[in-house]
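Using the working numbering, you'd call the opening residue of the sequence shown number 101 and step up by one each time. Take a look at the structure set out below.
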Amino acid sequence: MPTYEYFCENCGYKFEKFHDMTAKPPRKCPKCGGVLKRVIGEGSGIIFKGSGFYETDYKNKSLGSRAHSL
Ligand SMILES: [Zn+2]
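This is how it looks when you write it as structure tokens:
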């Protein structure tokens with residue numbers, strides 16, 4: 101099961117949740133009820149470790165999408 105990381109825009113609360121891709125993602129912060137943002141997982145790129153070129157390439161990409169989501 102994939103792990104999703106969520107971040108509350110309102111209070112800054114950050115947590116991880118395991119759930120199926122078909123399951124409904126949490127929309128509200130369990131602490132304050134604020135709007136949750138999904139954080140792009142950092143673990144998914146680990147497979148490419150060892151290839152410096154590829155890793156750099158991936159990092160740039162992931163940084164881009166991360167900035168986009170926040
Ligand atoms: Zn919150």
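Quick reminder that beta carbons are idealized off the backbone N, C-alpha and C, glycines included.
DSSP, read as helix, strand or coil, puts Cys111 in coil. Looking from the CA of Gly133, the closest CA among Pro125, Val139, Glu109 belongs to Glu109. Within the DSSP secondary-structure output, Lys124 pairs in no beta bridge. Shown in chain order are the residues whose CB sits closer than 6 Å to a heavy atom of ligand 1: Cys108, Asn110, Cys111, Tyr113, Cys129, Lys131, Cys132, Gly134. Looking only at Gly112, Lys114, Lys131, Asp120, the smallest Cα-Cα distance to Thr103 is reached by Asp120. In this structure, DSSP gives Lys117 an extended state, which the three-state scheme calls strand.
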